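**Q** If you read the sequence shown in this note's numbering, its first letter stands for residue 60, the second for the next number, and so on.
A virtual CB, placed ideally from N, CA and C, is assigned to each residue, including glycine.
Bear in mind the structure is a predicted one, so any value in this text is a computation, not a measurement.
Below is a structure I'd like to ask you about.
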Amino acid sequence: MHSKIKYTVKCLLENKLRFLLTILSIAVGVTSVLIINAVSDFGVTAVSSELDSLGMNGLIVTKESDNLNLTDNEVEKINSVDGISQVAPVTIKTSKVYYKNTDNISTMIWGIDERAEDVVSFELLYGRFIDKGDIKSNSKVCMLDQSLAEELYGRENIVGSTVDLLCNSTVESFKVIGVVKTGKGIMQSLMGSYFPSFLYVPYTAFDNSPNYNQFFLKIDGTKSSDEITDIVEKQLNNEIKSNTANYKVTDLASQKGVLENMLNIVTLILTVIGAISLLVSGISIMNIMLISVNERVKEIGIKKSIGATSRDILLDFLNESIIIAVVGTAIGILISVIIVKTASVVLGYKIFVKGKAILYSVIISVTLGVLFGIFPAYKASKFKPVEALRR
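Below, the structure written as structure tokens:
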């Protein structure tokens, strides 16, 4: 076996430039497929993580009329449902933020209490979270995300500073107690100004009464989200009679799942498009092997005249096409890993080539080597010794 491989490599190196160009075509195809797959997988994971940070891994309760508020009465009913680990009342409004001479900035303001920390995945960078004391005292305090802090003050750590918010037609000053990083990573980079800045205040800073316009529910996994959705909806609508509107429970986790499935389909389509380059590389293998067969007809005749069988000739040429595919694949894998790791360091995001993708690339490349090498190898094996020696 060792001598066979050594002989095959020797034959390939007789025309080094042709060998190099062929394996490079394979390497380019493999690199494109692996990079597309790595970037697409990263996109799916990043979007999923961003949605989780916004509470998109649970349920949300609202009333069918946007003008109607929810109260602590509903919170008590929801807390009694098995499978729910936390209920976070939230009031979300779009408002404007002012600071010194800057233009007003449209911002999504979340009125929350201390329970939101357990439902929405905040990453505290500076300061502290909103606590019970802030809620009870109706404190004019706020947390904001780092990009908004940089836009207002030109730096991230602005704890202790003040910002002016438009609340109920009046502008009021709020003291910054914390800077967080949430829902702003990849989405902010990709969507820029289309993705809103977030600012968090005690819900009582909007309204002294315990009213909210929605609840975020975190489920503990003991029951399916669909099952909990039905239970919560029925319990609220049956036990809390509303003459104006029904309660609606939305399964954010399932909506996130739909989005992830769409992204996975896009990943598959992009990978298939990248795989077309591998198909082209396979055709180049067949073309090079056909040229090699025509150049080595006399060699084939000599081998057959001294006892080589058609099977031996077929395997010799088939081994050459497989080695071209394997070497090209190995170089492609190395190049893609280097590119992805470099991009990961430069961009600051965790991007990597999955082992499964590498395995599939090897399998596909070897398969292409066999499929596109079998015809030239078969053609070589069918030469008759006398006919081959005459050419």
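Decide if K443 is buried, meaning its Cβ has at least 16 other Cβ atoms within 10 Å, or exposed.
**A** One-based indexing of the sequence shown puts residue 443 at position 384. Result: exposed.
**Q** Just how far apart, CA to CA, sit S139 and N297?
**A** On the sequence shown, residue 139 is found 80 positions in, with the first residue counted as 1. On the sequence shown, residue 297 is found 238 positions in, with the first residue counted as 1. Roughly 14 Å separates the two Cα atoms.
**Q** When we look at the beta-carbon of S343 and count the other beta-carbons within 10 Å, is it buried (16 or more) or exposed?
**A** Position 284 of the sequence shown, counted from the start, is the residue given in the question as residue 343. Result: buried.
**Q** Give every residue of the same chain whose Cβ lies closer than 8 Å to the Cβ of V222, excluding the five residues on either side of it in the sequence, and list them in chain order.
**A** Against the sequence shown, residue 222 aligns to sequence position 163. Cβ within range, chain order: V156, Y157, Y158, C201, L203, L211, S232, F233, V235 and L258.
**Q** DSSP on I335, reduced to helix/strand/coil?
**A** Sequence index remark: in the sequence shown, residue 335 carries index 276 (1-based). It is helical.
**Q** Between V339, F434 and A334, which lies nearest to N96 when the distance is taken from Cα to Cα?
**A** Locating residue 96 in the sequence shown gives position 37, where the first residue counts as 1. Checking every option, the nearest Cα to that of N96 belongs to A334.
**Q** What runs of the alpha helix (DSSP H), each 4 residues or longer, lie entirely inside the region 137–215?
**A** The qualifying runs are 191–195 and 205–212.
**Q** Which residues mark the beginning and the end of the alpha helix (DSSP H) in which S256 is found?
**A** The residue labelled residue 256 in the question sits at position 197 within the sequence shown. Unbroken run through S256 is the beta strand (DSSP E), S256 to P261; no alpha helix (DSSP H).
**Q** I381 to F275, Cα distance in whole Å?
**A** What you label residue 381 is simply residue 322 of the sequence shown in a count that begins at 1. What you label residue 275 is simply residue 216 of the sequence shown in a count that begins at 1. Computed Cα separation, rounded: 56 Å.
**Q** So if DSSP puts Y271 in a beta bridge, which residue, or which two residues, is it bridged to?
**A** Locating residue 271 in the sequence shown gives position 212, counting from the first residue. According to DSSP, which records beta bridges pairwise, Y271 is partnered with L129.
**Q** Between V120 and Y262, is the Cβ-Cβ spacing less than 8 Å?
**A** By 1-based counting over the sequence shown, the position of residue 120 is 61. By 1-based counting over the sequence shown, the position of residue 262 is 203. Contact flag unset, no.
**Q** Quick check on this structure: which residue in N74, L118, D131 and V98 has the alpha carbon closest to the alpha carbon of D310?
**A** Here residue 310 is taken as the residue at index 251 of the sequence shown, counted from 1. Checked all of N74, L118, D131 and V98; the closest Cα to D310 is L118.
**Q** Tell me, to the nearest whole angstrom, how far the beta carbon of L377 is from that of V429; I am working on the premise that it is less than 8 Å.
**A** Numbered from its first residue, the sequence shown carries residue 377 at position 318. Numbered from its first residue, the sequence shown carries residue 429 at position 370. Their Cβ separation, rounded to whole angstroms, is 7 Å, which keeps L377 and V429 in contact under 8 Å.
**Q** So what's D285 in DSSP terms, helix, strand or just coil?
**A** As a first step, residue 285 is located in the sequence shown; it is residue number 226 there, counting from the start. DSSP places D285 in helix when its eight states are reduced to three.
**Q** Quick check on the DSSP output: the alpha helix (DSSP H) that includes K240 runs from which residue to which?
**A** Against the sequence shown, residue 240 aligns to sequence position 181. Note, K240: premise wrong, no alpha helix (DSSP H); not H, not E.
**Q** Cα separation between S403 and I94?
**A** Indexing the sequence shown from 1 puts residue 403 at position 344. Indexing the sequence shown from 1 puts residue 94 at position 35. Cα to Cα, the separation comes out at about 12 Å.
**Q** V218 by DSSP, collapsed to three states: which one?
**A** Within the sequence shown, residue 218 is the residue found at index 159, counting from 1. Correct three-state label for V218: coil.
**Q** Are there 16 or more other CB atoms within 10 angstroms of the CB of M348, so buried, or fewer, so exposed?
**A** Along the sequence shown, read from residue 1 onward, the residue named residue 348 stands at position 289. Classification for M348: buried.
**Q** So L337 and I423 are in contact, right, with Cβ under 8 Å, and what is the actual spacing, rounded?
**A** Counting from one through the sequence shown, the residue named residue 337 turns up at place 278. Counting from one through the sequence shown, the residue named residue 423 turns up at place 364. The Cβ separation is near 6 Å, so the contact holds.
**Q** Please identify the residue among L322, D172, T426 and K136 whose C-alpha is closest to the C-alpha of I151.
**A** Locating residue 151 in the sequence shown gives position 92, where the first residue counts as 1. Of the listed residues, the one whose Cα sits closest to I151 is D172.
**Q** Among E135, L322, T426 and I365, which residue has its Cα nearest to the Cα of A105?
**A** Here residue 105 refers to the residue found at position 46 when the sequence shown is read from its first residue. Comparing Cα-Cα distances from A105 to each of E135, L322, T426 and I365, the minimum goes to L322.
**Q** Need the endpoints of the beta strand (DSSP E) that I119 sits in, please.
**A** Within the sequence shown, residue 119 is the residue found at index 60, counting from 1. Counting along the chain, the beta strand (DSSP E) containing I119 begins and ends at L118 to K122.
**Q** Thinking S395 and I85 are a contact (beta carbons under 8 Å), I'd like their distance in whole angstroms, please.
**A** As a position in the sequence shown, residue 395 is number 336, starting the count at 1. As a position in the sequence shown, residue 85 is number 26, starting the count at 1. With 8 Å as the limit, S395 and I85 do not qualify as a contact, their Cβ atoms being about 13 Å apart.
**Q** If distances are taken between C-alpha atoms only, which option among M167, I328, L327 and T388 comes closest to C226?
**A** Counting from 1 along the sequence shown, the entry for residue 226 is found at position 167. When each option's Cα is compared against that of C226, the closest is M167.
**Q** Please confirm whether F181 and V230 have their CB atoms less than 8 Å apart.
**A** The residue you call residue 181 lines up with position 122 of the sequence shown. The residue you call residue 230 lines up with position 171 of the sequence shown. No, they are not a contact pair.
**Q** Can you look up V412 in the DSSP assignment and give me helix, strand or coil?
**A** Along the sequence shown, one-based indexing puts residue 412 at 353. DSSP places V412 in coil when its eight states are reduced to three.
**Q** Closest to V356 by C-alpha separation, out of S196, D100, A439 and G219, would be which residue?
**A** Here residue 356 refers to the residue found at position 297 when the sequence shown is read from its first residue. Of S196, D100, A439 and G219, the residue nearest in Cα terms is A439.
**Q** Grab me the residues of I217's own chain with a C-beta within less than 6 Å of its C-beta, minus the 5 sequence neighbours each way, in chain order.
**A** Within the sequence shown, numbered from 1, the residue matching residue 217 stands at position 158. Contacts found: A208 and V235.
**Q** Please classify F78: is it buried, with 16 or more other beta-carbons within 10 angstroms of its beta-carbon, or exposed?
**A** As a working mapping, residue 78 is identified with position 19 in the sequence shown. Flag for F78 reads buried.
**Q** Rounded to a whole number of angstroms, what is the C-alpha to C-alpha distance between E135 and Q145?
**A** Here residue 135 refers to the residue found at position 76 of the sequence shown. Here residue 145 refers to the residue found at position 86 of the sequence shown. Whole-angstrom Cα-Cα distance: 11 Å.
**Q** Just reading off the alpha helix (DSSP H) that K441 is part of, what are its end residues?
**A** On the sequence shown, residue 441 is found 382 positions in, with the first residue counted as 1. No alpha helix (DSSP H) contains K441, which DSSP labels as neither H nor E.
**Q** For I143, which of S198, Q273, K277 and T388 has the nearest alpha-carbon?
**A** In the sequence shown, counting from the first residue as 1, residue 143 sits at position 84. Closest option to I143, Cα to Cα, is K277.
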